[in-house]
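S.K.: Heads up, the sequence shown is in my numbering, so the first residue is 44 and it goes up one at a time. Beta carbons: idealized from backbone N, C-alpha and C, even for Gly. Quantities reported herein were computed from a predicted structural model and do not represent experimental measurements.
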Amino acid sequence: MTVTPIYAGLLALIYLVLSVRVIKMRGPGQPSLGDGGDPVLLRRIRAHGNFAEYVPFLLLMIGLLELGQWPTILLHGLGATLVVARLLHGYALSFTESFKFGRFWGTALTFGLLIICGGLCLFQATQPYWSTTPAA
């Protein structure tokens, strides 16, 4: 595998930034668990959590497609779209109070990737059953 690790590495760096933004608000006198009613901390927690909820599953599907030998250009397209989606969404939630464009398009691209990657994985998994050649 040569494509998926590129995007795993890039996404790991984004995840690190989102993690540090939460940690920086958890100093002395700040909540060590939860958001303590702080809306800024809540947004940062959700940006971090949302990333952790979607990225591993999508990376797994991209990796499975790479193992299935799908075209490299398709894999790069999926990976690059995932990076853009998570940058938009993470920036909108963690760095701003009202960047609706980033939140909307980050979410839309992520959901689009779930549909596309999920469909391609299902196609890949069921393709042997569509063969018209009888088994020997």
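Looking at the structure shown, is E140 part of a helix, part of a strand, or coil, going by DSSP?
M.R.: Position 97 of the sequence shown, counting from 1, holds the residue named residue 140. It is coil, neither helix nor strand.
S.K.: Taking 8 Å as the cut-off, decide whether the C-beta atoms of L125 and L165 are in contact.
M.R.: Residue numbering aside, residue 125 sits at position 82 when the sequence shown is read from its first letter. Residue numbering aside, residue 165 sits at position 122 when the sequence shown is read from its first letter. For L125 and L165, no; Cβs fall outside 8 Å.
S.K.: Report, in whole angstroms, the separation of the C-beta atoms of L88 and V65, which I expect to be a contact under 8 Å.
M.R.: Along the sequence shown, read from residue 1 onward, the residue named residue 88 stands at position 45. Along the sequence shown, read from residue 1 onward, the residue named residue 65 stands at position 22. Reading off the sequence shown, one finds Ile at residue 88, where the question assumed Leu. Contact flag correct, Cβ pair sits at about 6 Å.
S.K.: If you draw a straight line from the C-alpha of T115 to the C-alpha of V98, how long is it?
M.R.: Reading the sequence shown from its first residue, position 72 is the one you call residue 115. Reading the sequence shown from its first residue, position 55 is the one you call residue 98. In a straight line, the C-alpha of T115 is about 20 Å away from that of V98.
S.K.: For G149 versus L131, is the C-beta distance shorter than 8 Å?
M.R.: Translated into the one-based positions of the sequence shown, residue 149 becomes position 106. Translated into the one-based positions of the sequence shown, residue 131 becomes position 88. In contact: G149 and L131 (Cβ atoms closer than 8 Å).
S.K.: Measuring CA to CA, which of L84, Y134, M104 is closest to Y58?
M.R.: Residue mapping note: residue 58 aligns to position 15 of the sequence shown, counting from 1. Out of L84, Y134, M104, Y134 has the C-alpha closest to the C-alpha of Y58.
S.K.: Could you compute how far the alpha carbon of R146 sits from the alpha carbon of S174?
M.R.: Working through the sequence shown from its first residue, we reach residue 146 at position 103. Working through the sequence shown from its first residue, we reach residue 174 at position 131. Those two C-alpha atoms are separated by around 42 Å.
S.K.: Do you know how far the Cα of P82 is from the Cα of Q73?
M.R.: For the purposes of this step, residue 73 is identified with residue 30 of the sequence shown, where counting begins at 1. For the purposes of this step, residue 82 is identified with residue 39 of the sequence shown, where counting begins at 1. Near 13 Å, if we compare the C-alpha coordinates of P82 and Q73.
S.K.: Do R129 and L54 count as a contact pair if the criterion is CB distance below 8 Å?
M.R.: Taking the sequence shown and counting its residues from 1, one reaches residue 54 at position 11. Taking the sequence shown and counting its residues from 1, one reaches residue 129 at position 86. Yes, these two residues count as a Cβ contact at 8 Å.
S.K.: How many angstroms separate the CA atom of M44 from the CA atom of Y172?
M.R.: Counting from 1 along the sequence shown, the entry for residue 44 is found at position 1. Counting from 1 along the sequence shown, the entry for residue 172 is found at position 129. Roughly 26 Å separates the two Cα atoms.
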